[in-house]
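Be aware that the sequence shown starts at 4, since it is given in my numbering, and climbs by one per residue.
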Amino acid sequence: MIKTRFAPSPTGYLHVGGLRTALYCYLFARKNGGKFILRIEDTDQERYVEGAVENLINTLQWVGLTYDEGPTKNGKDIGGFGPYTQSKRTGIYRKYAQELIDKNHAYRCFCTKERLEEMRKHQEESHAAPMYDRKCLELPKSEIEANIKAGIPFVIRQKMPYETIKFKDLVRGTIQFDGKTVDDQILMKSDGFPTYHLANVVDDHLMEITHVIRGEEWLPSTPKHIALYKALNWNPPEFAHLPLLLNADKSKLSKRQGHVAVEEYIKEGYLKEAIINFVAFLGWNPGSGEENEIYTLDQLEKAFTLDKVHKAGAIFNLEKLDWFNWRWKKQKFLEKLKVLAEKIDRKIQISDEKSNQKFLTERGKCLYEECNKFLPEQYNLAEEKLFKTLVTVEEKILRNPKETEEHIKFYFSLPDYDKELLTHEKMGVDLELASRSLEIALKTLENVENWTENEIKIALAKAIEDNKLKTGQLLWPVRAGLSGLQFSPGAFEAAWALGKEETLARIKIALEKLKS
Ligand code: GLU
4 MIKTRFAPSP
14 TGYLHVGGLR
24 TALYCYLFAR
34 KNGGKFILRI
44 EDTDQERYVE
54 GAVENLINTL
64 QWVGLTYDEG
74 PTKNGKDIGG
84 FGPYTQSKRT
94 GIYRKYAQEL
104 IDKNHAYRCF
114 CTKERLEEMR
124 KHQEESHAAP
134 MYDRKCLELP
144 KSEIEANIKA
154 GIPFVIRQKM
164 PYETIKFKDL
174 VRGTIQFDGK
184 TVDDQILMKS
194 DGFPTYHLAN
204 VVDDHLMEIT
214 HVIRGEEWLP
224 STPKHIALYK
234 ALNWNPPEFA
244 HLPLLLNADK
254 SKLSKRQGHV
264 AVEEYIKEGY
274 LKEAIINFVA
284 FLGWNPGSGE
294 ENEIYTLDQL
304 EKAFTLDKVH
314 KAGAIFNLEK
324 LDWFNWRWKK
334 QKFLEKLKVL
344 AEKIDRKIQI
354 SDEKSNQKFL
364 TERGKCLYEE
374 CNKFLPEQYN
384 LAEEKLFKTL
394 VTVEEKILRN
404 PKETEEHIKF
414 YFSLPDYDKE
424 LLTHEKMGVD
434 LELASRSLEI
444 ALKTLENVEN
454 WTENEIKIAL
464 AKAIEDNKLK
474 TGQLLWPVRA
484 GLSGLQFSPG
494 AFEAAWALGK
504 EETLARIKIA
514 LEKLKS
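Here it is, written out as structure tokens:
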């Protein structure tokens, strides 16, 4: 059975790159009817962060990546291969470290920090690769025993085989390393804790992981791991190394471009669907000319294959995340509207005006839910009018609810503007024509009884035709006069949201301006 694992070190937050790894592991396991496990790699005790594991579990749960085995928040594990937290498994690692020593695949190293520093310095000066010089590789048994007896601290190092190490990466193809160029990695530290390398290999084997899917930064460690599998007489799993995440300038992803913690995006109000959708496309796409990029987690599960993962680094583009967020918000908003419409008319054939007005109010209320936390108090007083104004800037709210006020404030207080705003050179609207159009609009609108967008539209369209005007020649000055702005919602919508009285008043103000 296929088994993947997400094996984060609990640093206190979930890095977006970590989420991408977790997601691909999850998708690959689900797609193949396998299991996805969570393992906590906390052997670096110096980096211990209080509450980090709980936070990690919460974030994975929030985005919907459920795991079949792993630790839980109540401290109990699920699954039969635990414990799933490496700090609880140190005895296991010690046993395998001893086995490696016994089989001559590892050795004790008593070198002091000072000696190692000295060695590094020499290597740097002579431009040699920074590698352990194997001083302790062939220590006589008697010396080793005497050192241990004397309590001299030691680490256990892997004895890298001097041979070619070749493996097939499911993303990058065949990869080859010369064992001679790979450092003799520390496997056990002097405090008796394993390093990542030993613990990772031992756990992947004992937990029966079939596919190791992880970031490309672990590629240089892979020959060490493969050598360990061989030394312990184990079959290595398959490997798939995922492309690096990059800033827009192609440097390695850093906080410079924005947040790297998933939790920050959650706090900022990004939808989980958008986060997952965005992260899925960081280094993968369904290929075969498929243009749709909107995928639910379920759909990703069906579409995902490792052979469509890219080799080249993936640019972390925040605008794309915003785009996904907008698309998902819109989708959810439309679903909500559908439910509302169904309540008003079960067949969603809102054809009569009364139902339509009711629906528009509900629509406004829905938008209000999206943006109210960004609106200053005073707007809450104008409920009915507020809902209408929101409907006219729906798209903008769904894109960025924080900017709602900017788009609707003209409805509540007419900005001061120059009369030139009412003219439009290209459409041939000069001051005189603006004045004529506004007079026509005023008279027309005064006679509109039923103040709906549709009625307003019908009345003005007729006036345009009767007076042999071009559409823009009438609508530009009306729209500009109603909003006092160069850009705003269209004349019909704006008039509807303003209400009859305010619309007529604003047209009169525009006419006054033209007289002065
Ligand atoms: N603990 C490693 C990390 O923090 C896991 C790397 C791997 O998946 O092998 O990313």
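Using N, Cα and C, we set each Cβ at its ideal position, and we do this for glycine too.
With contacts defined as CB atoms closer than 8 Å, F307 and L30 qualify as a contacting pair. Only residues of its own chain outside the window of five on either side were considered, and among them T407, H410, I411 and P492 have a CB closer than 8 Å to the CB of V396, listed in chain order. Close CB contacts of P379 within its chain, under the 8 Å cut and outside five residues either way in sequence, are with E408 (chain order). An exposed status is given to A132, since fewer than 16 other beta-carbon atoms sit within 10 Å of its beta-carbon. K446 and G367 have their C-alpha atoms roughly 29 Å apart. In the DSSP assignment, A149 falls within the alpha helix (DSSP H) that extends over K144 to K152. Bounds of the alpha helix (DSSP H) holding K323 are L321 to I347. Under DSSP, the beta-bridge partners assigned to L41 are F9. In the three-state reduction of the DSSP assignment, K192 falls in the coil class.
Beyond the five residues adjoining it in sequence on each side, L472 comes within less than 7 Å, by CB distance, of S440 in the same chain, given in chain order. A straight line joining the alpha-carbon of D355 with that of G261 spans about 49 Å. For R50, the Cβ stays outside the 7 Å cut-off from all heavy atoms of ligand 1. Of the residues assessed, Q101 falls on the exposed side of the cut-off, its CB having fewer than 16 other CB atoms within 10 angstroms.
When the five nearest sequence neighbours on each side are left out, the beta carbons in the same chain lying within less than 7 Å of the beta carbon of L370 are those of L393, V394, E397 and I400, in order along the chain. Beta-bridge pairing by DSSP links P197 to M191. In the DSSP assignment, D181 falls outside any alpha helix (DSSP H) and within the unbroken beta strand (DSSP E) covering G176 to D181. With a cut-off of 7 Å, the C-beta of V215 is classified as near ligand 1, since at least one heavy atom of the ligand falls inside that distance. Shortest Cα-Cα distance from L448 to any of L477, S358, L22 and M163 involves L477. In the three-state reduction of the DSSP assignment, W221 falls in the helix class, which pools H, G and I. Judged by DSSP in its simplified three-state form, R160 adopts strand. Exclusion of the five residues before and after Q126 leaves P133 as the residues of its chain whose Cβ lies within less than 6 Å of its Cβ.
Looking at the DSSP output, V52 shares a beta bridge with no other residue. Beyond the five residues adjoining it in sequence on each side, A462 comes within less than 6 Å, by CB distance, of T447 and V451 in the same chain, given in chain order. Here E386 is not near N203, since their CB atoms are 8 Å or more apart. Rounded to whole angstroms, A497 and F336 show a C-alpha spacing of 22 Å. The alpha-carbon separation between E57 and H228 amounts to approximately 29 Å. Under the Cβ criterion (8 Å, minimum of three pairs), the segment 430-437 does not count as touching the segment 315-332.
Beta-bridge partners assigned by DSSP to L209: none are found. For H244, the uninterrupted beta strand (DSSP E) segment begins and ends at E241 to L245. Comparing alpha-carbon positions, the option among G286, L26, R8 and E345 lying closest to I212 turns out to be R8. Distance from the CA atom of V185 to the CA atom of D105, rounded to whole angstroms, is 22 Å. Exclusion of the five residues before and after K138 leaves C114 as the residues of its chain whose Cβ lies within less than 7 Å of its Cβ.
For H18, the beta-bridge partners assigned by DSSP are A264. About 7 Å separates the CB atoms of N320 and A251; that is less than 8 Å, so the two are in contact. Within its own chain, the residues whose Cβ lies closer than 7 Å to the Cβ of T299, once the five positions on either side in sequence are excluded, are E276, listed in chain order. Of the heavy atoms belonging to ligand 1, none sits nearer than 7 Å to the Cβ of A497.
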